[in-house]
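Quick notes on the structure that follows.
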Amino acid sequence: MVIMSESGPGSQSSPPHGRPLQVGFYEIIRTLGKGNFAVVKLARHKVTKTQVAIKIIDKTRLNSSNLEKIYREVQIMKLLNHPHIIKLYQVMETKDMLYIVTEYAKNGEMFDYLTSNGRMSEGEARKKFWQILMAVDYCHRHHIVHRDLKTENLLLDANMNIKLADFGFGNFYNSGEPLSTWCGSPPYAAPEVFEGKEYEGPQLDIWSLGVVLYVLVCGSLPFDGASLPALRQRVTEGRFRIPFFMSQDCENLIRKMLVVDPAKRITIAQIKQHRWMLADPSAPLQALSLSITDYNSNLGDYSEPVLSIMQTLGIDRQRTIESLQNSSYNHFSAIYYLLLERVKEHRSQQLSRQCGPGPRGPGAHPTRLPRR
Numbered sequence: 003m004v005i006m007s008e009s010g011p012g013s014q015s016s017p018p019h020g021r022p023l024q025v026g027f028y029e030i031i032r033t034l035g036k037g038n039f040a041v042v043k044l045a046r047h048k049v050t051k052t053q054v055a056i057k058i059i060d061k062t063r064l065n066s067s068n069l070e071k072i073y074r075e076v077q078i079m080k081l082l083n084h085p086h087i088i089k090l091y092q093v094m095e096t097k098d099m100l101y102i103v104t105e106y107a108k109n110g111e112m113f114d115y116l117t118s119n120g121r122m123s124e125g126e127a128r129k130k131f132w133q134i135l136m137a138v139d140y141c142h143r144h145h146i147v148h149r150d151l152k153t154e155n156l157l158l159d160a161n162m163n164i165k166l167a168d169f170g171f172g173n174f175y176n177s178g179e180p181l182s183t184w185c186g187s188p189p190y191a192a193p194e195v196f197e198g199k200e201y202e203g204p205q206l207d208i209w210s211l212g213v214v215l216y217v218l219v220c221g222s223l224p225f226d227g228a229s230l231p232a233l234r235q236r237v238t239e240g241r242f243r244i245p246f247f248m249s250q251d252c253e254n255l256i257r258k259m260l261v262v263d264p265a266k267r268i269t270i271a272q273i274k275q276h277r278w279m280l281a282d283p284s285a286p287l288q289a290l291s292l293s294i295t296d297y298n299s300n301l302g303d304y305s306e307p308v309l310s311i312m313q314t315l316g317i318d319r320q321r322t323i324e325s326l327q328n329s330s331y332n333h334f335s336a337i338y339y340l341l342l343e344r345v346k347e348h349r350s351q352q353l354s355r356q357c358g359p360g361p362r363g364p365g366a367h368p369t370r371l372p373r374r
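Written out as structure tokens, the structure is:
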């Protein structure tokens, strides 16, 4: 994490007349969203010209518990380097402010896509779900549980590939050491959360994945209610409707994820081998092709072309390598990762031409999903 003085490049400077607002080496373009103590801005990196998202957090408005949660989110994002997870580029901090610079997903939330376009065909839902599953599996393999999987936190990049976002409820876990914090959005929350029980993190995510798959295929939520108690009853009883257009294999998979008893819930390894997931042989291969790309530079195997480009820009090679080795997430590592994405972009676009949004499902229509 880069600690900046209040007047340093990490601070948000007031621009002269006619010039864009700047945060560090980023020019602010517009506001993407606002919260109680944070605002998210679309910005452009001045050197690479890449668009990024900057979450600007006013630390003075946070209590110690929420501040700890923010720092944990940053810690988690530093450990995650996967093509279907939003990439962290840089962290800047002043006495009162925290700036978190991440990858910008151009096509927004899956929630908004479904609201505008209606439910997906099962073929398209399968491709997207494979990408989601690969991202969640990666998290679990790194002993990280998301705990807030929902369509609002599934973003779509310029090539309509999935980018898992928002690790605000994320946490570290060890097998056999249950968690207990209430987390997530009620329509996506597992029965054990509603019942106030301790839970195994991965099993919680599996339930939410079942809700997500249902939403992709149906364009509506499996569990809803006029009130929280009504919703709680439906979830704890595991009662939901299966529409006539859903295939038996898809229904079977969803029912195995939405099992009230977490011990009997299907695992990610079993989901990967389910008949519905393997119905299109190209779907897992496409997800795997993106996922096995070398996204991890922690092993010292850095991209020589990117380092050479940085040298031509007058950026110190040794300081860049040191920043990468130390996971500093400063100006040097940010430029490296932003340029690395540019180098990979052409290959990614070629793969994504086979994984586009595709046709809408039969009978699909714009559906208003309740935002939670």
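Just so you know, my numbering puts the end of the sequence shown at 374, numbered straight through with nothing missing. Positions of the beta carbon are idealized from the N, C-alpha and C atoms, including for glycine.
Please return the same chain residues whose Cβ sits closer than 7 Å to the Cβ of residue i, not counting the five positions on each side in sequence.
i: Tyr339; result: Lys89, Tyr91
i: Val308; result: Tyr338, Leu341, Leu342, Val345
i: Gly227; result: Leu233, Arg236
i: Lys71; result: Gly170
i: Glu75; result: Phe169, Gly170, Gly172
i: Lys2; result: Lying outside 3 to 374, the shown extent of the chain, residue 2 is not represented and no answer is given.
Apart from the five residues on each side of it in sequence, which residues of its chain come closer than 6 Å, Cβ to Cβ, to residue i?
i: Cys220; result: Arg121, Pro245
i: Ala127; result: Leu218, Val219
i: Arg267; result: Gln205, Ile208, Val261
i: Asp303; result: none
i: Ser310; result: none
i: Asp251; result: Arg277, Trp278
i: Thr52; result: Leu340
i: Arg321; result: Phe334
Determine whether the beta carbon atoms of residue i and residue j lie at a separation below 8 Å.
i: Ile59; j: Gly172; result: no
i: Val147; j: Pro231; result: no
i: Asp159; j: Lys152; result: no
i: Gln133; j: His86; result: yes
i: Ala55; j: Tyr28; result: no
i: Leu135; j: Ile256; result: no
i: Leu181; j: Glu197; result: no
i: Leu223; j: Val214; result: no
i: Leu150; j: Gly178; result: The question names Leu, but residue 150 is Asp in the sequence shown. Not in contact: Asp150 and Gly178 (Cβ atoms no closer than 8 Å).
i: Leu315; j: Val49; result: yes
i: Phe113; j: His145; result: no
i: Phe242; j: Phe225; result: yes
i: Pro283; j: Glu202; result: no
i: Ser329; j: Lys129; result: no
i: Leu211; j: Val138; result: yes
Under the three-state reduction of DSSP, which class applies to residue i: helix, strand or coil?
i: Ser299; result: At Ser299, the pLDDT of 43 sits below 50, so the modelled position is not reliable; the number obtained from the coordinates is stated separately. The answer is coil: DSSP assigns Ser299 none of H, G, I, E or B.
i: Tyr101; result: strand
i: Ala160; result: coil
i: Met279; result: coil
i: Ile87; result: strand
i: Ile59; result: strand
i: Gly35; result: strand
i: Ala336; result: helix
i: Met94; result: strand
i: Tyr73; result: helix
i: Lys51; result: coil
i: Tyr115; result: helix
i: Lys80; result: helix
i: Val219; result: helix
i: Lys108; result: coil
i: Val42; result: strand
i: Ile268; result: coil
i: Ile317; result: coil
i: Ile244; result: coil
i: Val262; result: coil
i: Ile294; result: Residue placement at Ile294 is flagged as unreliable, the pLDDT there being 48, under the threshold of 50; the coordinate-derived value follows with that caveat. If DSSP states are grouped into helix, strand and coil, Ile294 belongs with coil.
Considering Cα atoms alone, identify which of the options is closest to residue i.
i: Lys57; options: Asn328, Ile30, Ile270; result: Ile30
i: Asn254; options: Tyr216, Ser229, Ser335; result: Tyr216
i: Trp278; options: Pro189, Glu124, Pro224, Tyr73; result: Glu124
i: Tyr106; options: His47, Ser325, Gly178; result: His47
i: Tyr140; options: Lys51, Leu82, Ser335, Asn65; result: Leu82
i: Gln313; options: Leu100, Ser329, Phe334, Asn328; result: Phe334
i: Gly26; options: Lys80, Val103, Ser66, Lys36; result: Val103
i: Arg319; options: Glu111, Ser284, Asp251, Glu306; result: Glu306
i: Asn176; options: Ala191, Trp184, Glu154, His142; result: His142
i: Phe131; options: Val41, Lys43, Ile273, Gly35; result: Ile273
i: Thr238; options: Glu111, Asn65, Lys36, Tyr190; result: Tyr190
i: Glu111; options: Leu34, Met99, Ala285; result: Leu34
Excluding the 5 residues preceding and the 5 following residue i in the sequence, name in chain order all residues of the same chain whose CB lies nearer than 8 Å to its CB.
i: Gly240; result: Pro193, Leu260, Val261, Val262
i: Leu69; result: Lys61
i: Asn38; result: Arg63
i: Asn109; result: Tyr115, Leu157, Leu158, Asp159, Ala160, Met162
i: Ala336; result: Phe27, His47, Tyr91, Gln92, Val103
i: Val195; result: Trp184, Cys185, Gly186, Tyr201, Leu206
Comparing the C-beta of residue i with each C-beta of chain C, is any distance below 8 Å?
i: Asp139; result: Protein chains in the displayed structure number just one, and chain C is not present.
Less than 7 Å separating the Cβ of residue i from some heavy atom of the ligand GDP?
i: Lys108; result: The ligand GDP is absent from the structure shown, which contains no ligand whatsoever.
Secondary structure, beta strand (DSSP E): runs of 3+ residues fully inside the region 119 to 206: Listed in chain order, the complete beta strand (DSSP E) runs (minimum 3 residues) inside the region 119 to 206 are 156 to 158, 164 to 166.
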